[in-house]
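Protein chains: 2
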Amino acid sequence: MTHPISNEHTPVQSTLVVEYRLRCVAGESASVKAEGIALEQTVELAGDCVSDAIREEWVGEVLSLSELDENLWRCRIAYNPALAGEELSQLLNTLFGNISLKSGIFIENIDWPVAMLKAFGGPGHGIEGLRRHLDVPGGLPLTCTALKPVGLSPSGLAELAFAFACGGVDIIKDDHGIANQPGAPYRERLAACQAAIERANQQTGKRAVYFPNATAPARLLGERFAAARDAGCFGVLLSPWLCGIDSIRWARDEFGLAVMAHPALTGSYFQSDHGLDPALVLGDLFRIAGADASIYPNAGGRFGFSVDTCEAINHRLRRPLGGLRAAAPTPGGGMNVRDAPAWIERYGADTIVLIGGSLYAQGDVTAASKRLLTALGR
Amino acid sequence: MTHPISNEHTPVQSTLVVEYRLRCVAGESASVKAEGIALEQTVELAGDCVSDAIREEWVGEVLSLSELDENLWRCRIAYNPALAGEELSQLLNTLFGNISLKSGIFIENIDWPVAMLKAFGGPGHGIEGLRRHLDVPGGLPLTCTALKPVGLSPSGLAELAFAFACGGVDIIKDDHGIANQPGAPYRERLAACQAAIERANQQTGKRAVYFPNATAPARLLGERFAAARDAGCFGVLLSPWLCGIDSIRWARDEFGLAVMAHPALTGSYFQSDHGLDPALVLGDLFRIAGADASIYPNAGGRFGFSVDTCEAINHRLRRPLGGLRAAAPTPGGGMNVRDAPAWIERYGADTIVLIGGSLYAQGDVTAASKRLLTALGR
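Sequence order for the protein chains is A and B.
In terms of this note's numbering, the numbers along the first sequence are unbroken and rise by one, the last being 975.
In terms of this note's numbering, the numbers along the second sequence are unbroken and rise by one, the last being 975.
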């Protein structure tokens, strides 16, 4: 699969520039802290144990350091992109591996070298590709729901899939907690739900898709992807923090699958003084790795993201970025049918409305889905 | 590979019992918070959307809830172990996937069902297996160092490997930041370093081993493991949070490799009011997944763990646990040669002393390694 780079104007930059906000404790030197990060995340040795040649090529370079407030600093460090060796697992390690074990280090922004963006490639389909496949024109939002709860049989899940598809939901995914439990193992569930969606599409004339949760141990990922592709699925759901962020790229490149990414296990990085900005993880990183859609917990639901955070994620997923396709923001986590139109008004139509519980709560999920679609002007 | 279960007396328990410390904000009900976790981590639906049969079998059961202090509670929730579907990725999801995105939830303890311990299997070699292979009798600590910095060529790294092995270091691993960078790609580095170790062993008559860093994207893990095994390596280094925790089990079962686990990217879970106890992640979880040794940042080094935290990790790695082999605590992260004997005095001999920088700082790493071994009574 090729990933054409557009002619969009992007300043060409050859280093990976990471911008940190540093919280120092009393007596801690911000410049020692910054230099410590530049060594820790590269050579893991004291500066005087490193040759000039290695330092020049591999140690991070502190570009700037400025005081924001008492004991609060901003610093920018430039890294050699070759540190990542074209592997997203090692990119994450370079960004936050060892320093996750320190404190007072928060990554606010990353300037990506264009060559790195090209190498990782971004979404294979993106918002436009999803629209084309689902036959939903620009200006209208896309919709998604989740099959649940865990414990249902493959036929029980398939029945729900059929009902949602008849109601007009575009993307019907497994709940991210449905993996390979006894009673509904992956392959049986996949076959039943995909068949149900196809049956519904024949009735409705629409093009709903089923995204099975393919998150799995590394040794099983390849066969899960192959099974999804062979069953005719357009895409899969993946939780990159459970199965490795590089698995998104694998699903894209070797299996041609679209990927919807789920934020499970990422929340601990989103502290105020330590971690990474959620928009970098759920926006930039997931998009760069190849996610066509990125689920995040919407403001006002069961989780604690602010509207500002959600809009920052939306921006990172859709902004011009080295020619990468735009990915679809997928707010969920307790959004209800009543409020969905207002959220789309706010976030824009290039958004996937992910609603589960609020449809289930209405009993007849086909009728509930139809009401959602109508409310969204679909 | 079989994992014989000893006759050790372990109370048989059929559910996965997770003990949380809950920090409530003003006006937040601890019981609502506890019930919310039990639903969120299982069915992801409101309780009234779930049938009695599903609730009975799959929803977590709040066993107890007690107040510790103002707005601070302890609660125990029992889960059906089948939620994990015998996959460690899904076990992590059940433990902390969605609730990582909430706040004020800290997992203090986990009571593991014996059947789950048997299924995941634990270390393939453990401390005793490492001792046997390395020919180091009980009562003496093991030693480990890291090849670095990134930027050295395979022959440069191999030269260091030879020098450390001649100095008597038992386990010579890649630095965890050395992945597949240009200039020292995995296969060339593996061949050069393994040959260097074997050459050194012929000279010294000792049994040093080289653990290459096999951490990689999921699609490449299998071939990295195979290459390590085929080169004659006894084990590999893995960062489970970068490549998926299940990859430890894969290295053990399909390739017979020993695994040393590295804590990269785990630090964000170790907050005081939200996350998991470090001893659960770097102790229980890594051991259960099959790590024979678990690296953690020792107290007094470049990172912030307390001695109590380190001792809790040691305990979790070595305590009786459903017949699983004991894994080797591997304190590192800035330990120096001078203090190593005192740490062993404190932690006990069933420990791997991991020292990098303090050996490099002495210039002649063979001589420095010999001094370390002598200091440790080896």
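Here a beta-carbon is modelled for each residue, glycine too, at the ideal position from N, C-alpha and C.
In this text, all values refer to a predicted model and were calculated from it rather than measured experimentally.
- Its chain contains Asn668, Leu669, Gly701 and Asp870 as the residues whose beta carbon lies nearer than 7 angstroms to that of Arg620 of chain B, once the 5 sequence neighbours on both sides are disregarded; these appear in chain order.
- Following the DSSP letters along the chain, one finds Leu662 of chain B inside the beta strand (DSSP E) bounded by residues Glu658 to Asp666.
- Under the 10 Å beta carbon count, His912 of chain B is surrounded by fewer than 16 other beta carbons and is classified as exposed.
- When Cβ-Cβ separations below 8 angstroms define contact, Ala643 of chain A makes contact with chain B.
- Secondary structure note for Asn706 of chain A: its beta strand (DSSP E) is the uninterrupted segment Ile702 to Asp708.
- Listed along the chain, the chain B residues whose CB falls inside 7 angstroms of the CB of Glu684 of chain A are Ala776, Asn777, Ala813 and Pro814.
- Inter-residue distance for Arg884 of chain A and Ala793 of chain A is about 30 angstroms (C-alpha atoms, whole angstroms).
- Spanning the alpha carbons of Ala965 of chain B and Ile634 of chain A requires a straight line of approximately 26 angstroms.
- Residue contact with chain B for Gln687 of chain A: present (Cβ-Cβ distance below 8 angstroms to some residue of chain B).
- For Ala811 of chain A against Leu835 of chain A, the beta-carbon gap comes to about 6 angstroms, under 8 angstroms, which counts as contact.
- Boundaries of the beta strand (DSSP E) around Ala675 of chain A: Leu669 to Tyr676.
- A distance below 8 angstroms between beta-carbons, with the five flanking residues on each side excluded, links Ile952 of chain B to the following residues of its chain, in chain order: Thr740, Cys741, Thr742, Gly929, Met932, Asn933, Val934, Ala937 and Leu969.
- Assigned with DSSP and collapsed to three states, Val856 of chain B falls in strand.
- The beta carbons of Pro751 of chain B and Glu785 of chain B sit closer together than 8 angstroms.
- DSSP places Lys770 of chain B within a strand segment (E or B) once states are collapsed to three.
- Beta-bridge partners assigned by DSSP to Val962 of chain B: none are found.
- When secondary structure is reduced to three states using DSSP, Ala743 of chain A falls in the strand class.
- The beta carbon of Leu662 of chain A sits closer than 7 angstroms to the beta carbons of Ala627, Ser628, Ala631, Trp670 and Cys672 from its chain, once the five residues preceding and following it are set aside; these are given in chain order.
- Within chain A, the C-beta atoms nearer than 7 angstroms to that of Phe900 of chain B come from Leu698 and Lys699, in chain order.
- By alpha-carbon distance to Gly872 of chain B, the top candidate from B:Val622, B:Ala643 and B:Glu705 is B:Glu705.
- For the pair of segments examined, the region 838-852 of chain B was found to touch the region 808-823 of chain A: the number of CB pairs separated by less than 8 angstroms reaches three.
- Shown here for Arg922 of chain A: same chain residues with a beta carbon closer than 6 angstroms to its own, the five before and five after excluded, namely Gly719, Pro720 and Gly723 in chain order.
- Ala760 of chain A is outside the set of residues whose beta carbon lies under 8 angstroms from a beta carbon in chain B.
- If the five residues before and after Ile674 of chain B are omitted, its C-beta is found closer than 6 angstroms to the C-beta atoms of Val615, Ala635, Gly657 and Val659, all from its own chain and listed in chain order.
- Assignment of Pro782 of chain B by DSSP, reduced to helix, strand and coil, places it in the coil class.
- Residue pairing by DSSP puts Ala890 of chain A in a beta bridge opposite A:Met857 and A:Ala925.
- Leu749 of chain B sits in coil when the DSSP states are folded into three classes, being neither helix nor strand.
- DSSP links Asn798 of chain A through a beta bridge to no other residue.
- Within the same chain, and ignoring the five residues on either side of Val833 of chain A in sequence, the residues whose Cβ sits closer than 8 angstroms to its Cβ are Phe808, Pro809, Asn810, Ala811, Arg821, Phe822, Ala825, Ala848, Leu854, Ala855, Val856 and Met857.
- At least one CB atom of chain B sits nearer than 8 angstroms to the CB of Cys646 of chain A.
- For Ile775 of chain A, the secondary structure class from DSSP, reduced to helix, strand or coil, is coil.
- The C-beta distance from Gly919 of chain A to Leu714 of chain A rounds to 4 angstroms, short enough to meet the 8 angstroms contact threshold.
- Closest option to Val711 of chain A, judged by alpha-carbon separation, among A:Thr863, A:Asn677 and A:Asp947: A:Asn677.
- Taken atom to atom, the span from the alpha-carbon of Leu698 of chain B to that of Pro860 of chain B is near 21 angstroms.
- Looking at the backbone, the Cα of Ile949 of chain A and that of Leu685 of chain B are separated by about 30 angstroms.
- Membership of Arg935 of chain A in any beta strand (DSSP E) is not indicated, and neither H nor E is assigned to it by DSSP.
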